[in-house]
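Student:
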Amino acid sequence: MTKIVPFKAVRPTRDKVSLVASRSYQSYTKEQVEARLRDNPFSFLHIINPGYRFAKDISGQARYSMVRNRYLEFKEEGIFVQDPKPSFYVYRIVNRDGDVFNGIVAAASAIDYENDRIKKHEDTLTYKEVVFKDYLKTVGFNAEPVLLTYPDNETIAKIISKAQKNRAEFEFTTTYRDTHYLWVLDDEKSIATIQSEFEKLPCIYIADGHHRSASSYLLYKDLKEKDTTSGEHEAYNFFMSYLIPESDLKIYEFNRLVKDLNGWTKEEFLIQLDELYRIENRGKKLYKPSKQHHFSMYLDGEFYSLYLRKSLYSFQTSLDSLDAYLLYKTILNPILGIQDLRADDRIEYSNGKNDVVDVKSVVDSGKF
Numbered sequence: 000m001t002k003i004v005p006f007k008a009v010r011p012t013r014d015k016v017s018l019v020a021s022r023s024y025q026s027y028t029k030e031q032v033e034a035r036l037r038d039n040p041f042s043f044l045h046i047i048n049p050g051y052r053f054a055k056d057i058s059g060q061a062r063y064s065m066v067r068n069r070y071l072e073f074k075e076e077g078i079f080v081q082d083p084k085p086s087f088y089v090y091r092i093v094n095r096d097g098d099v100f101n102g103i104v105a106a107a108s109a110i111d112y113e114n115d116r117i118k119k120h121e122d123t124l125t126y127k128e129v130v131f132k133d134y135l136k137t138v139g140f141n142a143e144p145v146l147l148t149y150p151d152n153e154t155i156a157k158i159i160s161k162a163q164k165n166r167a168e169f170e171f172t173t174t175y176r177d178t179h180y181l182w183v184l185d186d187e188k189s190i191a192t193i194q195s196e197f198e199k200l201p202c203i204y205i206a207d208g209h210h211r212s213a214s215s216y217l218l219y220k221d222l223k224e225k226d227t228t229s230g231e232h233e234a235y236n237f238f239m240s241y242l243i244p245e246s247d248l249k250i251y252e253f254n255r256l257v258k259d260l261n262g263w264t265k266e267e268f269l270i271q272l273d274e275l276y277r278i279e280n281r282g283k284k285l286y287k288p289s290k291q292h293h294f295s296m297y298l299d300g301e302f303y304s305l306y307l308r309k310s311l312y313s314f315q316t317s318l319d320s321l322d323a324y325l326l327y328k329t330i331l332n333p334i335l336g337i338q339d340l341r342a343d344d345r346i347e348y349s350n351g352k353n354d355v356v357d358v359k360s361v362v363d364s365g366k367f
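For the sequence shown, the positions run 0 to 367 when numbering that gives the first Met the number 0 is used.
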């Protein structure tokens with residue numbers, strides 16, 4: 000059985016939500032961050048970039064403590080309010096491409112994560128888990144939900160649809176042209192029905208947020224060991240999640256960013272790749288792969304397409320056919336010398352929600 004629980008959300012007031020909402024901090028340029036901090040006193044960026052008022056970059060534990068202080072200030076000033084009753088939150092997103100996502104924001108169980116009732120499909124970087132765990136321990140709030148998916152369920156879908164017939168508590172469009180709607184679902188009957196339906200599921204799946212969930216689990220273990228008197232209802236037993244049915248799921252690519260060529264020159268590296276891949280230089284125009292076993296590579300200011308020479312590669316198991324595993328087995332490990340995808344600091348990841356142009360900009364900056 001899978002457990003989700005309602006919670007008393009701390010959220011912006013209706014009149015300020017569009018001003019508070021922000022994207023992931025990493026998705027902004029330095030100039031964009033500065034403009035938002037300068038022109039919008041309600042932006043959530045003031046919380047996660049607390050050194051702005053002192054014109055100073057602050058890092059480590061000092062930053063975490065200041066993030067906590069800014070969060071408390073937003074509550075004290077009435078920008079944030081806490082709901083009086085534990086609730087689920089029906090959340091609808093219509094993105095700029097017209098894709099529609101309907102689901103429920105709820106608290107998922109760290110115990111389910113531990114017992115593999117919340118399924119993972121992606122390796123995480125150990126140092127990031129620890130950093131995020133320490134951050135969560137100090138700030139005391141979840142700002143970005145883990146994206147979980149579950150099999151389509153008619154009963155849950157009807158409750159979501161019924162809630163959406165009422166006026167949304169939040170309705171706003173971002174500068175990215177994504178429109179967000181949120182309804183508070185606090186009636187006990189609907190909550191109990193949703194919980195009952197999830198209890199029938201043997202497991203649910205992480206679609207995005209492996210590091211967030213892993214760090215929440217580390218925090219749960221840490222606090223549980225130190226707090227032997229508290230029960231299973233303590234807040235640290237849970238982490239905020241956005242649960243959507245599998246039919247609403249849209250799968251994006253996950254890009255790998257590597258800091259060096261492991262001692263190879265560009266020409267030597269391409270020769271190594273040529274043993275298993277047909278390589279085509281696509282020039283400077285943005286380029287994305289079109290099918291399975293086909294990769295796009297950006298190197299030294301140019302895009303390349305890599306087509307696997309299938310006659311030279313042995314598909315012995317279903318794992319061998321997965322692109323992520325294929326990339327590791329044929330390039331990342333044998334050529335670039337990356338042994339541990341979780342611990343090697345030469346590799347980082349960028350999810351497909353970031354435009355290719357953003358990934359290109361990071362590489363052009365010289366960091367990778």
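By construction, the Cβ of each residue, glycine as well, lies at the ideal position given by its N, Cα and C atoms.
Starting from residue 317, follow the alpha helix (DSSP H) in both directions and report where the run begins and ends.
Tutor: That residue, residue 317, is in no alpha helix (DSSP H); it is neither H nor E in DSSP.
Student: Check each candidate in 141, 184, 143 and 139 and name the one with the smallest Cα separation from residue 161.
Tutor: Cα-wise, what sits closest to residue 161 is 184.
Student: Locate the alpha helix (DSSP H) running through residue 34, then write down its first and last residues.
Tutor: Taken as a continuous stretch (DSSP letters only), the alpha helix (DSSP H) holding residue 34 covers 29-38.
Student: For the alpha helix (DSSP H) that residue 271 lies in, which residues bound it at each end?
Tutor: It spans 265-273 - the alpha helix (DSSP H) in which residue 271 sits, taken as one unbroken run.
Student: State yes or no: is the C-beta of residue 180 within less than 8 Å of the C-beta of residue 91?
Tutor: In this structure, residue 91 lies closer than 8 Å to residue 180 by Cβ.
Student: Going straight from the alpha carbon of residue 250 to that of residue 111, what length do you get?
Tutor: Distance between the alpha carbons of residue 250 and residue 111 is about 24 Å.
Student: Can you grab the Cα-Cα spacing for the pair residue 312 / residue 236, in whole Å?
Tutor: When rounded, the distance between both Cα atoms is 45 Å.
Student: Name the residue from 294, 104 and 213 whose alpha carbon lies nearest to the alpha carbon of residue 131.
Tutor: When only C-alpha atoms are compared, the closest one is 213.
Student: Measure the CB-CB distance between residue 65 and residue 78 and report whether it falls below 8 Å.
Tutor: No; because the gap between Cβ atoms is not below 8 Å, this pair is not in contact.
Student: Give me whichever residues DSSP pairs with residue 101 in a beta bridge.
Tutor: Answer by DSSP bridge pairing, in chain order: 91.
Student: For residue 393, count neighbouring C-beta atoms within 10 Å of its own C-beta (all shown protein chains included) and say buried if the count is 16 or more, exposed if not.
Tutor: Because residue 393 is not part of the residues shown, which for the chain are 0 to 367, the question remains open.
Student: To the nearest whole angstrom, what separates the beta carbons of residue 6 and residue 167, a pair I think is in contact under 8 Å?
Tutor: So it is not a contact: roughly 19 Å between Cβ atoms.
Student: Excluding the 5 residues flanking residue 84 on each side, which residues of the same chain have their C-beta closer than 6 Å to its C-beta?
Tutor: So the qualifying residues of the chain are 185.
Student: Using a 10 Å radius around the Cβ and a threshold of 16 neighbouring Cβ atoms, would you call residue 270 buried or exposed?
Tutor: The residue is exposed, with fewer than 16 neighbouring Cβ atoms inside 10 Å.
Student: How many angstroms separate the CA atom of residue 4 from the CA atom of residue 194?
Tutor: Roughly 7 Å between the two C-alpha positions.
Student: Quick one: what's residue 106 bridged to in DSSP?
Tutor: According to DSSP, which records beta bridges pairwise, residue 106 is partnered with 4 and 239.
Student: So the beta strand (DSSP E) residue 191 belongs to, where does it begin and stop?
Tutor: Unbroken run through residue 191 is the alpha helix (DSSP H), 187-198; no beta strand (DSSP E).
Student: Helix, strand or coil for residue 49, going by three-state DSSP, please let me know.
Tutor: In this structure, residue 49 counts as helix in the three-state DSSP scheme.
Student: Between the segment 238-245 and the segment 261-270, are three or more C-beta pairs nearer than 8 Å?
Tutor: The answer is no - the segment 261-270 does not touch the segment 238-245, with fewer than three Cβ pairs under 8 Å.
Student: Hey, residue 12 and residue 203: beta-carbon distance below 8 Å or not?
Tutor: Contact: no.
Student: How many angstroms separate the CA atom of residue 328 from the CA atom of residue 319?
Tutor: Between residue 328 and residue 319, the C-alpha separation is close to 8 Å.
Student: Once the 5 residues before and after residue 216 are set aside, which same chain residues still bring their CB inside 6 Å of it?
Tutor: Closer than 6 Å at Cβ, skipping near neighbours: 109 and 112.
Student: Going along the chain, which residues of its own chain have a beta-carbon closer than 8 Å to the beta-carbon of residue 22, five neighbours each way excluded?
Tutor: These residues qualify, in order along the chain: 173 and 175.
Student: Does the distance from the C-beta atom of residue 256 to that of residue 347 stay below 8 Å?
Tutor: Result yes, Cβ atoms of residue 256 and residue 347 sit closer than 8 Å.
Student: Quick one: using the 10 Å Cβ neighbour count with 16 as the cut-off for buried, is residue 154 buried or exposed?
Tutor: When all chains shown are included, residue 154 counts as exposed.
Student: Going straight from the alpha carbon of residue 17 to that of residue 171, what length do you get?
Tutor: When rounded, the distance between both Cα atoms is 6 Å.
Student: Looking only at C-alpha atoms, which of 199, 315, 49 and 29 sits nearest to residue 446?
Tutor: A query on residue 446 cannot be resolved here, the shown segment of the chain reaching from 0 to 367 and no further.
Student: Short of 8 Å in beta carbon distance, which residues of its chain neighbour residue 248, apart from the five on each side in sequence? Order them along the chain.
Tutor: If we look at residue 248 and ignore the five residues flanking it on each side, its Cβ neighbours are 148 and 206.
Student: Taking Cβ to Cβ, would you say residue 178 is nearer than 8 Å to residue 93?
Tutor: Yes, Cβ-Cβ distance for residue 178 and residue 93 is below 8 Å.
Student: Give me the Cβ distance between residue 24 and residue 44, rounded to the nearest whole Å; I'm assuming they're in contact under 8 Å.
Tutor: About 7 Å separates the two Cβ atoms, so the contact holds.
Student: Excluding five sequence neighbours on each side, which residues of the same chain lie with their C-beta closer than 6 Å to the C-beta of residue 336?
Tutor: So the qualifying residues of the chain are 261.
Student: Please classify residue 30 as buried or exposed, where buried requires at least 16 other C-beta atoms within 10 Å of its C-beta.
Tutor: Residue 30 comes out exposed.
Student: Going by other Cβ atoms of all chains shown within 10 Å of its Cβ, with 16 needed for buried, is residue 191 buried or exposed?
Tutor: The residue is exposed, with fewer than 16 neighbouring Cβ atoms inside 10 Å.
Student: Quick check on the DSSP output: what are the complete alpha helix (DSSP H) runs of length 4 or more inside the segment 115-161, in order along the chain?
Tutor: Counting only runs of 4 or more, we get 125-138.
Student: For residue 165, count the other beta carbons within 10 Å of its own beta carbon; 16 or more makes it buried, fewer makes it exposed. Which is it?
Tutor: Exposed: under 16 other Cβ atoms inside 10 Å.
Student: Quick one: measure Cβ to Cβ for residue 302 and residue 286, integer angstroms, because I've assumed they're closer than 8 Å.
Tutor: The Cβ separation is near 4 Å, so the contact holds.
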